[in-house]
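2 is the number of the first residue of the sequence shown in the working numbering; add one for each residue after it. Ideal Cβ placement from N, Cα and C applies to all residues, glycine included.
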Amino acid sequence: MSTFTDRFNTALLVIDAQTDVLADGYLRDETISNIQLLVTRARELGVPVIWVQHSDDELVLNSEGWKIVPELSPAESEEIINKLYGDAFEATALESVLSKNGVGRLVVSGAQSDACIRSTAHGAFTRGYDVTLVSDAHTTSDMTEWGAPPPEMAISHINLYWQFQGAPGRTASVSSAAEINFGA
Numbered sequence: 002m003s004t005f006t007d008r009f010n011t012a013l014l015v016i017d018a019q020t021d022v023l024a025d026g027y028l029r030d031e032t033i034s035n036i037q038l039l040v041t042r043a044r045e046l047g048v049p050v051i052w053v054q055h056s057d058d059e060l061v062l063n064s065e066g067w068k069i070v071p072e073l074s075p076a077e078s079e080e081i082i083n084k085l086y087g088d089a090f091e092a093t094a095l096e097s098v099l100s101k102n103g104v105g106r107l108v109v110s111g112a113q114s115d116a117c118i119r120s121t122a123h124g125a126f127t128r129g130y131d132v133t134l135v136s137d138a139h140t141t142s143d144m145t146e147w148g149a150p151p152p153e154m155a156i157s158h159i160n161l162y163w164q165f166q167g168a169p170g171r172t173a174s175v176s177s178a179a180e181i182n183f184g185a
């Protein structure tokens, strides 16, 4: 159980599922399909779905490339968090949204695996949250020209090491979209 003694709820985070971010994502369509599955299941169970959107000099706020991919659509009642940093907690309202909803466990999906997904998962874990990374609902682009491993290896590595994270009073886990149980 998370380190929060009064937060028993789970939330689904959909991080940077934006047009330009996912344009060349590894297994893009499969990843989006798995995110759709998670969003649908979360909504059916009344689990909060929280959307995170990044902006910077290349990903301009409110531009076409900044928008959520057309295959996914936030419900009017769902929170949207705008961020400027890799960790979705940095200089955003994410913590207050989670607190308001009694959330102590996060299910993490979206992009980029080796940047904002990793940063936010670590940020959540160090802040006391239980974090489940959805193995087949996060992706990244090919960044080999900058020395990164190929996308499939980057994703595999993050899935591998995340399951072995440990800290007092918190759990880190990795599950496929089909295995996610929002009530556990």
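When DSSP reads this structure, Ala168 sits in a beta bridge with Arg171.
The alpha helix (DSSP H) runs of length 4 or more contained entirely in the segment 9-96 are, from start to end of the chain, 20-23, 29-46.
By the neighbour-count criterion, in which a residue is buried when 16 or more other Cβ atoms sit within 10 angstroms of its Cβ, Ser142 is buried.
Between Thr140 and Ala179, the gap from beta carbon to beta carbon reaches 7 angstroms or more. The C-beta distance from Tyr130 to Gly103 rounds to 12 angstroms, too long to fall under 8 angstroms, and the pair is not in contact. DSSP lists Ala112 as the bridge partner or partners of Thr140.
In the structure shown, Gly148 adopts coil according to DSSP, grouped into three states.
DSSP places Arg128 outside any alpha helix (DSSP H), giving it a letter other than H or E. Comparing alpha-carbon positions, the option among Ala168, Phe9, Ser176 lying closest to Ile159 turns out to be Ser176. In this structure, DSSP gives Thr6 a state outside helix and strand, which the three-state scheme calls coil. Between Val40 and Arg171, the alpha-carbon positions lie close to 24 angstroms from each other. In the three-state DSSP reduction, Ser176 falls in the strand class (E or B). Taking a 10 Å sphere around the C-beta of Pro151, we find fewer than 16 other C-beta atoms and assign the residue as exposed. Counting only the Cα atoms, Gly148 lies some 32 angstroms from Leu95. The shortest CA-to-CA distance from Ile156 to any of Leu28, Lys68, Val98 is the one to Leu28.
By the CB criterion at 7 angstroms, Val50 and Leu13 fall inside the cutoff. Distances from the CA of Ile118 to each of Gly87, Thr93, Ala76 were compared; the closest alpha carbon is that of Gly87. Leaving aside the five residues that flank Ala138 on each side, the residues in its chain whose CB is nearer than 7 angstroms to its CB run, in chain order, Thr32, Asn35, Ile36, Leu39, Ser110, Ala178.
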